[in-house]
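Colleague: Structure in structure tokens, see below.
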Amino acid sequence: MRSPLFAITSAIALIISAPVHADEITGQASVIDGDTIEIHGQRIRLHGIDAPESRQLCEQGGQKYRCGQRASLALADKIGRSVVRCDKRGTDRYKRIIGICFSGDEDLNRWMVRTGWAVAYRRYSIDYVRDENLAHKDRIGIWAGSFEMPSEWRRKSR
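Dropping the structure here:
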């Protein structure tokens, strides 16, 4: 019969030798903008979505508003102080990690598009087109008024 110390030692050895998921980043997130967060000093660009830029204006009911700022606040409110897990999909030309991020089991990328605070970034992915179509149909977030696609706004602002 083996001693309890052997069982504990074996369990510790198993934990230490378990593979680390290098393609996963987990921790408390800070929101940089509506499609970028930071965890442990690493910038993560949310895969497949494009949110309005911080200085970008949209229109609703004849009034202009800072939709990029609203998108950032929506994401920050959604995340709160919860732990966020991001699955790495690659890196972009700015050396940011591209990832799909989750709060619990909820895909935050999908949530941003489905609530109308980001669009599906078709140039890189079609993963969230259905969610964009639903937000557009429901006229929520930026779809409640008029706006310029974030990629087009960036191009004109350069």
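Throughout, the working numbering is defined as the position within the sequence shown, counted from one, plus 6.
Using N, Cα and C, we set each Cβ at its ideal position, and we do this for glycine too.
Predicted model only: the values in this text are computed from it and were never measured.
Please tell me whether serine 60 and serine 36 are closer than 8 Å, where the distance is taken between their beta carbons.
Modeller: No, they are not a contact pair.
Colleague: Which value, in whole angstroms, describes the spacing of the CA atoms of aspartate 41 and glutamine 62?
Modeller: Computed Cα separation, rounded: 14 Å.
Colleague: What is the C-beta distance between aspartate 56 and tyrosine 127, in whole angstroms, given that I count them as a contact (C-beta under 8 Å)?
Modeller: Confirmed, about 4 Å.
Colleague: Roughly how many angstroms separate the alpha carbons of serine 47 and glutamine 34, rounded to a whole number?
Modeller: Looking at the sequence provided, one finds glycine at residue 47 rather than serine. Their Cα atoms are separated by approximately 11 Å.
Colleague: Classify arginine 99 as helix, strand or coil using the three-state DSSP reduction.
Modeller: If DSSP states are grouped into helix, strand and coil, arginine 99 belongs with coil.
Colleague: If you draw a straight line from the alpha carbon of glycine 67 to that of threonine 32, how long is it in whole angstroms?
Modeller: Whole-angstrom Cα-Cα distance: 40 Å.
Colleague: State the start and end residues of the unbroken alpha helix (DSSP H) segment that holds proline 66.
Modeller: The question names proline, but residue 66 is glutamine in the sequence shown. Where glutamine 66 is concerned, there is no enclosing alpha helix (DSSP H), although the beta strand (DSSP E) it sits in stretches over 63-66.
Colleague: Would cysteine 107 and isoleucine 38 be called neighbours here (beta carbons separated by less than 8 Å)?
Modeller: Not closer than 8 Å, so no.
Colleague: State the CB to CB distance for the pair arginine 120 and glycine 105, rounded to an integer number of angstroms; the pair is presumed to be in contact (CB under 8 Å).
Modeller: At roughly 18 Å, the Cβ-Cβ gap does not stay under 8 Å, so arginine 120 and glycine 105 are not in contact.
Colleague: Helix or strand or just coil, what does DSSP make of serine 109?
Modeller: Strand.
Colleague: For alanine 80 and glutamate 30, I'd like the C-alpha separation in whole angstroms.
Modeller: Taking the straight line from one Cα to the other gives about 24 Å.
Colleague: What is the C-beta distance between cysteine 73 and isoleucine 148, in whole angstroms, given that I count them as a contact (C-beta under 8 Å)?
Modeller: With a Cβ gap of about 5 Å, cysteine 73 and isoleucine 148 count as contacting.
Colleague: May I have the straight-line CA-CA distance separating glycine 122 from serine 109, to the nearest angstrom?
Modeller: Each residue's Cα considered, the two are about 18 Å apart.
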